[in-house]
Structure formats: C-alpha cells, structure tokens
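Chains as they are written, first to last, in my numbering: chain A, 2 to 128; chain B, 15 to 78. Structure first, then comments.
Printed below as a string of structure tokens:
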C-alpha cells in the first residue's frame with residue numbers, strides 16, 4: 002500500500018470521526034481502526050528495513066544481541082506511541098502519559114544487558 | 015477488507031446515533047442507552063480481530 006493510499010485513509014478516517022461527533026466512543030474506535038490498518042500496511046516495509054539492518058550488521062561484524070535489543074526497543078516504542086496517541090484521542094492524557102512511562106521502563110529493561118556489557122568493558126579498559 | 019472496515023464502523027455509528035435520536039424522542043431513554051451499548055460492542059468486536067492480528071505481527075517482527 003503506497004503512501005498516497007495511507008494519506009487517503011487518514012483523511013477519510015478523520016472526516017468520519019468528525020461526522021460522528023455526537024458518538025465520541027465510535028469516533029475513537031474509528032481512529033483505532035485507521036491506526037491499525039495504516040501500521041499493518043507499513044509493517045511490510047518495516048520488515049524489509051530490519052532485514053537490511055541485520056545483513057548490514059553482520060557485514061560490519063556487530064554482535065547480533067545488540068541489534069536484537071535495538072529492534073525490541075523500536076517495537077516497544079512503536080506500540081507505546083500508538084497506544085498513547087489513541088488514549089490522548091480519547092481525552093485521557095493521564096493514561097497516555099502513564100503508558101509512555103511504562104514503555105520507557107520496558108525499553109530500559111530491554112537495554113539493561115547492553116548497558117552492563119558497556120560498563121564492564123569500560124571498567125576492563127580502565128584497569 | 016482493510017479500508018471498508020473503517021466505513022463499516024462509521025455506518026454502524028451513524029445508524030446507532032440515528033436510532034438513538036429516534037428512541038429518545040419517542041420517550042424510551044433506557045432503550046436508547048441499550049442500543050448505544052450494543053452498537054459499541056459490535057464495533058469493538060469488529061476492530062478486536064484486526065488489533066490482535068497487528069499485535070501478533072508486531073510481536074513476531076520485532077521479536078518481543
């Protein structure tokens with residue numbers, strides 16, 4: 002699905018949400034459906050990008066674990082951004098902020114082994 | 015399937031609000047509330063399978 006159809010879907014969905022002003026809950030569901038469809042269609046391109054990243058990292062000799070951490074972190078960030086945007090659409094900025102905080106904690110949790118490896122490396126170099 | 019999911023949801027939303035107005039003007043408040051809830055449940059069930067597919071692909075793609 003090329004970018005033009007994504008744009009058309011976005012505009013159509015937001016117009017429909019405007020039409021349904023007196024039914025805000027259906028408007029939020031339309032926003033969720035549009036988000037799901039647009040991200041679902043762009044996942045194909047994202048998987049191609051990740052294949053390229055993996056092959057380049059093997060070429061450059063970077064250890065696979067670090068790249069996997071980067072992929073996990075970007076996956077968490079994607080899901081958290083979508084969810085907090087939808088919560089903000091529904092008018093719940095507090096819930097959106099809480100989801101973002103949980104997402105940051107999850108990303109740091111995923112990145113912990115890399116951080117440990119980095120610090121042990123630094124300590125080894127200093128000694 | 016993907017694009018007309020949005021239009022189906024919008025159609026259900028418009029019919030529910032029309033029925034709601036009809037019921038409210040004819041004095042049946044509680045039935046208006048029931049149709050609102052029923053419409054919302056139908057719409058949510060339609061979106062649920064799409065959201066599940068998306069999260070499964072994200073989980074496999076990003077290795078979460």
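Just so you know, even glycine gets a beta-carbon here, dropped at the ideal spot from N, CA and C.
What residue range is occupied by the uninterrupted alpha helix (DSSP H) comprising residue i?
{"i": "residue 117(A)", "result": "94-127"}
{"i": "residue 31(B)", "result": "16-39"}
{"i": "residue 19(A)", "result": "4-20"}
{"i": "residue 75(B)", "result": "43-76"}
{"i": "residue 64(A)", "result": "Unbroken run through residue 64(A): none, as it is neither H nor E."}
Cα-Cα, which of the options is closest to residue i?
{"i": "residue 73(A)", "options": "99(A), 105(A) and 45(A)", "result": "105(A)"}
{"i": "residue 71(A)", "options": "89(A), 116(A) and 45(A)", "result": "116(A)"}
{"i": "residue 21(B)", "options": "120(A), 13(A), 7(A) and 5(A)", "result": "13(A)"}
{"i": "residue 18(A)", "options": "36(B), 23(B), 66(B) and 38(B)", "result": "23(B)"}
{"i": "residue 75(B)", "options": "46(A), 37(A) and 36(A)", "result": "46(A)"}
{"i": "residue 19(B)", "options": "73(B), 71(B) and 56(B)", "result": "56(B)"}
{"i": "residue 4(A)", "options": "97(A), 42(A), 27(A) and 29(A)", "result": "42(A)"}
{"i": "residue 1(A)", "options": "86(A), 40(A) and 111(A)", "result": "Look at the range of chain A in this structure, 2 to 128, and you will see that residue 1(A) is not part of it."}
{"i": "residue 101(A)", "options": "91(A), 79(A), 113(A) and 114(A)", "result": "79(A)"}
{"i": "residue 20(A)", "options": "34(B), 27(B) and 78(B)", "result": "27(B)"}
{"i": "residue 33(A)", "options": "46(B), 71(B), 64(B) and 38(B)", "result": "64(B)"}
{"i": "residue 33(B)", "options": "51(B), 16(B) and 17(B)", "result": "51(B)"}
{"i": "residue 85(A)", "options": "92(A), 91(A), 97(A) and 57(A)", "result": "97(A)"}
{"i": "residue 17(B)", "options": "73(B), 47(B) and 60(B)", "result": "60(B)"}
{"i": "residue 99(A)", "options": "113(A), 82(A) and 128(A)", "result": "82(A)"}
{"i": "residue 48(A)", "options": "58(B), 62(B) and 73(B)", "result": "73(B)"}
Taking DSSP as the reference, what is the three-state secondary structure of residue i?
{"i": "residue 69(A)", "result": "helix"}
{"i": "residue 91(A)", "result": "coil"}
{"i": "residue 23(A)", "result": "coil"}
When you measure from the CB of residue i to every non-hydrogen atom of the ligand ZN, does any distance come out below 7 Å?
{"i": "residue 17(B)", "result": "No copy of the ligand ZN appears in this structure; indeed no ligand is present at all."}
Quick one: measure Cβ to Cβ for residue i and residue j, integer angstroms, because I've assumed they're closer than 8 Å.
{"i": "residue 30(B)", "j": "residue 24(A)", "result": "7 Å"}
{"i": "residue 10(A)", "j": "residue 31(A)", "result": "Incorrect: roughly 11 Å between the Cβ atoms, too far for contact."}
{"i": "residue 107(A)", "j": "residue 77(A)", "result": "5 Å"}
{"i": "residue 36(B)", "j": "residue 26(A)", "result": "The Cβ separation is near 19 Å, so there is no contact."}
{"i": "residue 68(B)", "j": "residue 37(A)", "result": "5 Å"}
{"i": "residue 79(B)", "j": "residue 38(B)", "result": "Outside the modelled stretch of chain B, which goes from 15 to 78, sits residue 79(B), for which no answer is possible."}
{"i": "residue 44(A)", "j": "residue 71(B)", "result": "6 Å"}
Please list, in chain order, the chain C residues whose beta carbon lies closer than 9 Å to that of residue i.
{"i": "residue 29(B)", "result": "Absent from the structure is chain C; the protein chains it does hold are A and B."}
Problem - Residues of the segment 12-28 of chain A with Cβ closer than 8 Å to any Cβ of chain B, in chain order - result: 13, 14, 17, 20, 21, 23, 24, 26, 27 and 28
Handout entry: Contacting positions in the segment 50-68 of chain B - beta carbon closer than 9 Å to chain A
Key = 50, 53, 54, 57, 58, 60, 61, 64, 65, 67 and 68
Problem - Residues in the segment 34-48 of chain A having any Cβ partner in chain B nearer than 8 Å - result: 34, 35, 37, 38, 40, 41, 42, 44, 47 and 48
Practice task
Check distances from the C-beta atoms of the segment 59-75 of chain A to those of chain B and list, in chain order, the residues that come in under 8 Å.
Solution key: 69, 72, 73 and 75
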